[in-house]
Amino acid sequence: MDATSQLVETILFSLCLLLVVVFLTLASFFCTRFQTHRNSPQVANARNIGTNEVGLDESTLHSFPKVLYGQSKLKKSSSTSPCCSICLMEYKETDMLQLMPDCGHLFHLHCINSWLRLHPTCPICRTLPVPIRGAIAPVNQVPLFATQQG
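Listed below in structure tokens is the structure:
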């Protein structure tokens, strides 16, 4: 064997080895990605959406207090954000807001209902809201901030 044929064999062997390494790396990457994607919570929730309830039921959603932004004291409160934390849109005078009963956070009605149908907790503080039983107060009579008597 001369030096040229030995060089060709070495190059071919190196290329074959490189191809095997690249193939194994890609196979490992795709297997890992597929396994991670398959076990992700979003995919699991999407698979179970028809069979298991993940979020809150409609009766619980309807039991939470609602308030019209224009008629509320929210605009004057420094503790309340002027925008919805879910859609990031500023509140308008005519926007109907929903008050989370335990934590007091406010959101657009349609935003928080969509969220709570999929997730049972407040999107800001992750508090699990307790449904309010009984009659729902009219829009203009919803207490926004509890005062301590003492």
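Residue numbering for the sequence shown follows the working numbering, beginning at 72 and increasing consecutively. Cβ atoms here follow ideal geometry from the backbone N, Cα and C, with glycine treated the same way. Everything numeric in this text was worked out from a predicted model, so none of it was measured.
key: Through-space distance from Pro153 to Gly121, alpha-carbon basis   = Only weak support is given to the placement of Gly121: the predicted model assigns it a pLDDT of 49, under 50, and the value that follows is read from those uncertain coordinates. Their Cα atoms are separated by approximately 36 Å.
query = Buried or exposed: His176, going by 16 or more other Cβ atoms within 10 Å of its Cβ?
reply = Here His176 is buried, its C-beta having at least 16 other C-beta atoms within 10 Å.
task = Could you check the C-alpha separation between Cys158 and Arg188 for me, to the nearest Å?
result = C-alpha of Cys158 to C-alpha of Arg188: approximately 16 Å in a straight line.
request  = Tell me where the beta strand (DSSP E) around Leu168 begins and ends.
outcome  = It spans 167 to 170 - the beta strand (DSSP E) in which Leu168 sits, taken as one unbroken run.
Residue nearest to Met171 in terms of C-alpha spacing, selected from Asp128, Thr81, Ile195, Glu164 = Measuring from the Cα of Met171, the nearest candidate turns out to be Ile195.
query = Taking DSSP as the reference, what is the three-state secondary structure of His176?
reply = The three-state secondary structure of His176, taken from DSSP, is coil.
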